[in-house]
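Protein chains in written order, with the working numbering: chain A, 1 to 168; chain B, 1001 to 1168.
Number of protein chains: 2
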Amino acid sequence: MINFETRKQNMEKSHTYYIEIAIEMALENVASGKGGPFAAIIVKDGEIIAKGTNSVTQTMDPTAHAEIVAIRNACKALNSFQLDNCILYSSCEPCPMCLGAIYWARPKVVYFAANNLDAAQAGFDDSFIYQELSLPLEKRSIPTFQLNHLKHNKPFDLWVAEENKIKY
Amino acid sequence: MINFETRKQNMEKSHTYYIEIAIEMALENVASGKGGPFAAIIVKDGEIIAKGTNSVTQTMDPTAHAEIVAIRNACKALNSFQLDNCILYSSCEPCPMCLGAIYWARPKVVYFAANNLDAAQAGFDDSFIYQELSLPLEKRSIPTFQLNHLKHNKPFDLWVAEENKIKY
């Protein structure tokens, strides 16, 4: 019979096991020259259903961060745009883009190893982007403007009126 | 001879022209049942180099927002992971994921038509995600934890030491 404490320890051991896989993948990604020092895996019911490593420079895709690649692969594996009951393990705390993606994909929990300060010391300054997101448009370093257009709400009107839409 | 005011008007007309294309694409995306009411285009030197429409439900990819799809397509077209001197036009204000992607891709300027309030009224509550991003980990609705691991900084150490890395 496994008591509560033993189960808790097994679960903790399990999280460490998965996070170590992500860290080893991140190491291998740098050693092989494939991309930045980041990796993520997605686990459902104790099984690894998807992996992702940073492949920005290899695929010429600035959105190909480890978490995004892992989320895309997991959704393909599940044939779903939602990560119900999935756990995401990342070698590093997600950047704002990846955190946004996590909220759209909705895994049940996220674990990470290194944090944003560790990343910043290696030259990945996510905190700059976090700061920019909280600034009003006119103060951002990438100038961003709203353009008035009479039809600006038409796509939303059509969406609201559409009865057969697939919500996401 | 074109004076300053005329040039300014031409430029303003031009922005309206491109944003209208994005709006029309967003309308078509809903009408055709292909996805959500969002579209984006990327322009370089007056030429549309890439387009993107929301295709989350069609491709089973929660990251397939209009801006992300357009950024990926533009980077493929330019064979670059940076959108130097590009303008991004979106039918709607970017969500946190897309804004993060914009900061990684670094276009020179962003224009959008509808804003986050318009999106929220149609059921797309980006503001919820914006709020979550600013919360400390322990208060977020998707539980997020840092796991201590002795090797947590190894990928960064290797990255910093690597002389032939491609920075991004």
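Glycine is no exception: its CB is placed at the ideal position from the N, C-alpha and C atoms. Please read all numbers here as calculations on a predicted model, not as lab measurements.
Segment limits, beta strand (DSSP E) that includes residue i
| i | result |
| --- | --- |
| B/Lys1151 | That residue, B/Lys1151, is in no beta strand (DSSP E); it is neither H nor E in DSSP. |
| A/Phe128 | No beta strand (DSSP E) holds A/Phe128; the alpha helix (DSSP H) holding it covers 126–133. |
| B/Phe1112 | 1109–1114 |
Buried or exposed (CB count within 10 angstroms, at least 16 for buried), residue i
| i | result |
| --- | --- |
| B/Asn1054 | buried |
| B/Pro1094 | buried |
| B/Phe1124 | buried |
| A/Pro136 | exposed |
| B/Asp1126 | buried |
| B/Asn1079 | exposed |
| B/Ala1070 | buried |
| B/Ile1019 | buried |
| B/Asp1133 | According to the sequence as given, residue 1133 of chain B is Leu; it is not Asp. It counts as buried. |
Span of the alpha helix (DSSP H) around residue i
| i | result |
| --- | --- |
| B/Thr1059 | 1056–1059 |
| A/Ala70 | 66–78 |
Check whether residue i and residue j have beta carbons under 8 angstroms apart
| i | j | result |
| --- | --- | --- |
| A/Ala26 | A/Ala39 | yes |
| B/Lys1065 | A/Ala113 | Note that residue 1065 of chain B is His in the sequence shown, not Lys. In this structure, A/Ala113 does not lie closer than 8 angstroms to B/His1065 by Cβ. |
| B/Leu1099 | B/Ile1042 | no |
| A/Pro155 | A/Ile129 | no |
| B/Ala1120 | A/Val160 | no |
| B/Leu1147 | A/His152 | no |
| A/Ala105 | B/Pro1037 | no |
| A/Ser90 | A/Ala31 | no |
As assigned by DSSP and simplified to three states, the class of residue i
| i | result |
| --- | --- |
| A/Ile42 | strand |
| B/Thr1016 | helix |
| B/Tyr1168 | coil |
| A/Glu47 | strand |
| A/Gly100 | helix |
| A/Ala122 | coil |
| A/Cys169 | Only positions 1 to 168 of chain A appear in this structure, which leaves residue 169 of chain A out of reach. |
| A/Glu142 | In the sequence under discussion, the amino acid at residue 142 of chain A is Ile, which differs from the Glu named in the question. Here A/Ile142 sits in coil by DSSP. |
Cα-Cα separation between residue i and residue j, rounded to whole angstroms
| i | j | result |
| --- | --- | --- |
| A/Ala77 | A/Thr59 | 21 angstroms |
| B/Glu1163 | B/Ile1142 | 38 angstroms |
| B/Phe1081 | A/Asn85 | 33 angstroms |
| B/Lys1108 | B/Ile1087 | 6 angstroms |
| B/Tyr1103 | B/Ile1068 | 12 angstroms |
| A/Cys75 | B/Thr1144 | 20 angstroms |
| A/Lys174 | A/Thr57 | Coverage of chain A is limited to positions 1 through 168, which leaves residue 174 of chain A absent and any answer about it impossible. |
| A/Gly46 | A/Arg72 | 19 angstroms |
| B/Val1110 | B/Cys1092 | 11 angstroms |
| B/Gly1052 | B/Ile1166 | 27 angstroms |
| A/Tyr17 | B/Glu1028 | 47 angstroms |
| A/Asn115 | A/Leu158 | 42 angstroms |
| B/Lys1139 | B/Gln1131 | 11 angstroms |
| A/Glu24 | B/Asp1118 | 44 angstroms |
| A/Lys44 | B/Lys1044 | 42 angstroms |
| A/Ile48 | A/Ala101 | 19 angstroms |
| B/Tyr1168 | A/Tyr168 | 31 angstroms |
beta-carbon residue i near the ligand SAM non-hydrogen atom, thresh 7 angstroms
| i | result |
| --- | --- |
| A/Leu137 | No copy of the ligand SAM appears in this structure; indeed no ligand is present at all. |
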